[in-house]
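Please read the structure below before turning to the comments.
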Amino acid sequence: MTMTLRRRQFLQLAAGAAAILPWSRTASALDYPMRPVRLIVGFPAASATDIVARVIAQPLSARLTQQVIVDNRPGAGSNIGTEAVVRATADGYTLLGATVTNAVNATLYKDLSFDFVCDIAPVVGTFRSPSAVVVTQSLPATTLAEFIAYAKANPGKINYASFGYGTAPNMAAELFKMMADVDLVHVPYRTNYLPDLISGQVQVAFNPIALSIAQIKAGKLRALAVTGSTRSNALPDIPAVAEFVPGYEAYIWHGIGAPKGTPADIVGKLNTAINAVLADSDTKTRFAELGGGAIGGSPDDFAKLIAAEITKWGKVVLAANIKPD
């Protein structure tokens, strides 16, 4: 009799616990976030990805009523930071500052321990900007047409700088080389290359507008073109590369991702909050100053962007035979 009663009580308690668990998971999602959220960026402070992440983090903190902390984890072409997010608990408290480099790396690196598409849940695209084709003032080319002619007349004698293999400046330059049929020599840097570009040690870079607009306006660098399909509001007098090389287009984009398995309602809450931040006039103004604009939209919209970019840049990686550092 006693054994039967104890067994019945145990089964009742087990049934009660099973009923409580789904409610507990729902409650935690509804209460999210209850502590600070880390936004991991796979590049150093003051990089374009870092700047965009910080533009988002402050107003997002206010909307979530919890601090969003930008955590820089540079190295291995952003793969160190990305892997940290992939390995994190899927509870919405660790997010990824994703960028076009993540799409490039999907093809560039053959031995990654993660699959960006499968292991990162897209939340929302945040920012998109063209780069600027900038040259040292000593280069005898004042227009992109003159630059292309000069490069054709001097094959292998013009050096272009980038932040490394697979980074946005590298990929934009390699796409340009292929489409304009010019021979430029890649000089990868692990640190800021602008001083060398200004001094003329390297001659050209396909640099994020956010990182070069001050030097352009100060006359330290000459902007020949922007890499978007149309002109940029930040540099309205500078033509698009596509005006000289039909079909050319290379954008830098950023977004927010989360570890796979992050509850859909948490992803949805983040998506709504970030879209609200992107719609705010202060964010729009700041993004315009950086030479671009907001993306926004649903997680599925961001997933489609990522898939299209992996396909596009994968072709460039293979055609140019680009290898990681």
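Residue numbering for the sequence shown follows the working numbering, starting at 1 and increasing by one per position. Even glycine gets a Cβ: it sits at the ideal position worked out from N, Cα and C. Since this is a predicted model, take the numbers as computed values, not measurements.
Next item on the list: Taking tyrosine 150 as part of the beta strand (DSSP E), name the residues at either end of that continuous run.
Entry: Reading the sequence shown from its first residue, position 150 is the one you call residue 150. Not the beta strand (DSSP E): tyrosine 150 falls in the alpha helix (DSSP H), residues 144-153.
Checklist line | alpha helix (DSSP H) segment containing phenylalanine 127, residue limits | finding: Within the sequence shown, the letter at position 127 stands for residue 127. No alpha helix (DSSP H) holds phenylalanine 127; the beta strand (DSSP E) holding it covers 120-136.
Margin query: Quick check on the burial criterion: 16 or more other C-beta atoms within 10 angstroms. Buried or exposed for leucine 30?
Written below: The sequence position of residue 30 within the sequence shown is 30, counting from 1. Leucine 30 should be labelled exposed.
Next item on the list: Could you work out which residue in Val55, Gly97, Thr227, Asp119 is closest to serine 281 when comparing CA atoms only?
Entry: Taking the first residue of the sequence shown as position 1, residue 281 is located at position 281. For serine 281, the nearest C-alpha among the options comes from Val55.
Check: Which parts of the region 144-232 are runs of the beta strand (DSSP E), unbroken and 3 residues or longer, counting only runs that do not cross its ends?
Finding: 158-162, 184-188, 204-208, 221-226
Check: Can you name, in chain order, every residue of its own chain whose Cβ lies under 7 Å from the Cβ of arginine 61, other than the five neighbours on each side?
Finding: On the sequence shown, residue 61 is found 61 positions in, with the first residue counted as 1. Correcting the residue type first, residue 61 is serine in the shown sequence and not arginine. So the list reads Gln67, Val68, once near-sequence residues are dropped.
Check: What three-state label does DSSP hand isoleucine 252 in the structure shown?
Finding: Locating residue 252 in the sequence shown gives position 252, counting from the first residue. Residue state, collapsed to three classes: strand.
Margin query: Under 8 Å, with one C-beta from each stretch per pair, do the region 34-44 and the region 90-97 reach the 3-pair mark?
Written below: yes
Check: What are the partner residues of glycine 257, as DSSP defines its beta bridges?
Finding: Within the sequence shown, numbered from 1, the residue matching residue 257 stands at position 257. Leu96, Pro122.
Item checked: Cβ neighbours of asparagine 207 in the same chain (closer than 7 Å, five flanking residues each side left out) -> Here residue 207 refers to the residue found at position 207 when the sequence shown is read from its first residue. Ser131, Ala132, Val134, Pro169, listed in sequence order.
Checklist line | Terminal residues of the alpha helix (DSSP H) in which isoleucine 310 lies | finding: Sequence index remark: in the sequence shown, residue 310 carries index 310 (1-based). It spans 299-319 - the alpha helix (DSSP H) in which isoleucine 310 sits, taken as one unbroken run.
Notebook entry, point to check: Considering only C-alpha positions, which residue in the set Asp325, Gly261, Ala320 is nearest to aspartate 119?
Noted result: As a working mapping, residue 119 is identified with position 119 in the sequence shown. Of the listed residues, the one whose Cα sits closest to aspartate 119 is Gly261.
Check: Given a threshold of 16 other Cβ atoms within 10 Å of its Cβ, counted over all protein chains shown, does proline 140 qualify as buried or as exposed?
Finding: Locating residue 140 in the sequence shown gives position 140, counting from the first residue. The residue in question, proline 140, is exposed, as its Cβ has fewer than 16 Cβ neighbours within 10 Å.
Check: Mind checking valine 316: buried by the 16 CB within 10 Å criterion, or exposed?
Finding: Translated into the one-based positions of the sequence shown, residue 316 becomes position 316. The residue is buried, with at least 16 neighbouring Cβ atoms inside 10 Å.
Next item on the list: Since I believe glycine 293 is in contact with phenylalanine 287 (beta carbons under 8 Å), could you give me their beta-carbon distance rounded to a whole number of angstroms?
Entry: Position 287 of the sequence shown holds residue 287. Position 293 of the sequence shown holds residue 293. So it is a contact: roughly 5 Å between Cβ atoms.
Margin query: By the three-class DSSP mapping on this structure, what secondary structure does isoleucine 56 have?
Written below: Counting from 1 along the sequence shown, the entry for residue 56 is found at position 56. Helix.
Next item on the list: Closer than 8 Å by C-beta to alanine 307: which residues in its own chain qualify, once you throw out the five before and the five after it? Chain order, please.
Entry: As a first step, residue 307 must be located in the sequence shown, where it is residue number 307. Val117.
Next item on the list: List the DSSP bridge partners of arginine 38.
Entry: Against the sequence shown, residue 38 aligns to sequence position 38. The partner list for arginine 38 (beta bridge, DSSP) reads Ile69, Thr94.
Next item on the list: Assign leucine 290 to one of three DSSP states: helix, strand, or coil.
Entry: The sequence position of residue 290 within the sequence shown is 290, counting from 1. DSSP places leucine 290 in coil when its eight states are reduced to three.
Next item on the list: Report the rounded CA-to-CA distance for valine 124 versus glycine 257, giving the unit in angstroms.
Entry: Here residue 124 corresponds to residue number 124 of the sequence shown, with the count starting at 1. Here residue 257 corresponds to residue number 257 of the sequence shown, with the count starting at 1. Spanning the two alpha carbons is a distance of roughly 7 Å.
Notebook entry, point to check: Excluding five sequence neighbours on each side, which residues of the same chain lie with their C-beta closer than 8 Å to the C-beta of alanine 319?
Noted result: As a position in the sequence shown, residue 319 is number 319, starting the count at 1. If we look at alanine 319 and ignore the five residues flanking it on each side, its Cβ neighbours are Met178.
Notebook entry, point to check: What residues are listed by DSSP as bridge partners for proline 235?
Noted result: In the sequence shown, counting from the first residue as 1, residue 235 sits at position 235. The sequence shown places leucine at residue 235, rather than the proline named in the question. Answer is Ser232, bridged to leucine 235.
Notebook entry, point to check: Does DSSP put alanine 88 in a helix, a strand or coil?
Noted result: Residue mapping note: residue 88 aligns to position 88 of the sequence shown, counting from 1. Alanine 88 falls in the coil class under three-state DSSP.
Checklist line | Beta-carbon proximity check, glycine 77 vs asparagine 105, cutoff 8 Å | finding: For the purposes of this step, residue 77 is taken as the residue at position 77 of the sequence shown. For the purposes of this step, residue 105 is taken as the residue at position 105 of the sequence shown. It is a contact, given that the beta carbons lie within the stated cut-off.
Notebook entry, point to check: Taking the Cβ atom as the reference point for each residue, do glycine 291 and isoleucine 238 lie within a distance shorter than 8 Å?
Noted result: Translated into positions along the sequence shown, residue 291 becomes position 291. Translated into positions along the sequence shown, residue 238 becomes position 238. No, the Cβ-Cβ distance between glycine 291 and isoleucine 238 is not below 8 Å.
Margin query: Three Cβ pairs or more, each shorter than 8 Å: is that satisfied between the region 98-113 and the region 186-200?
Written below: no
Checklist line | Pairwise C-alpha distance: valine 277 and leucine 21 | finding: Locating residue 21 in the sequence shown gives position 21, counting from the first residue. Locating residue 277 in the sequence shown gives position 277, counting from the first residue. Any answer about leucine 21 is weak, because its pLDDT of 45 lies below 50 and its placement is not dependable; what the coordinates show is given next. Whole-angstrom Cα-Cα distance: 33 Å.
Margin query: Out of Pro246, Ala48, Thr65, Val202, which one is the CA nearest neighbour of alanine 167?
Written below: Here residue 167 refers to the residue found at position 167 when the sequence shown is read from its first residue. Residue 167 is actually threonine in this sequence, not alanine. Checking every option, the nearest Cα to that of threonine 167 belongs to Ala48.
Item checked: Contact set for asparagine 326: own chain, Cβ-Cβ below 6 Å, skip 5 residues either direction -> Here the chain covers residues 1 to 325 and nothing more, so residue 326 does not appear.
Next item on the list: Measure the C-alpha to C-alpha separation of threonine 311 and alanine 205 and round it to an integer number of angstroms.
Entry: Looking up residue 311 in the sequence shown gives position 311. Looking up residue 205 in the sequence shown gives position 205. If you take the alpha carbons of threonine 311 and alanine 205, they lie about 24 Å apart.
Checklist line | Where alanine 240 falls: helix, strand or coil (DSSP) | finding: By 1-based counting over the sequence shown, the position of residue 240 is 240. Residue state, collapsed to three classes: strand.
Check: In chain order, what residues of the same chain lie with their CB nearer than 7 Å to the CB of glycine 200, ignoring the 5 residues before and after it?
Finding: The residue given as residue 200 occupies position 200 in the sequence shown. If we look at glycine 200 and ignore the five residues flanking it on each side, its Cβ neighbours are Thr136, Ser138.
Notebook entry, point to check: By the 10 Å Cβ neighbour count, where 16 or more other Cβ atoms means buried, how is arginine 73 classified, buried or exposed?
Noted result: In the sequence shown, counting from the first residue as 1, residue 73 sits at position 73. Flag for arginine 73 reads buried.
Item checked: Sequence-distant residues of the same chain with beta carbon closer than 6 Å to alanine 250, five excluded per side -> Counted from its first residue, the sequence shown places residue 250 at position 250. Counting only Cβ-Cβ distances below 6 Å, and skipping sequence neighbours, we find Ala172, Leu175, Thr227.
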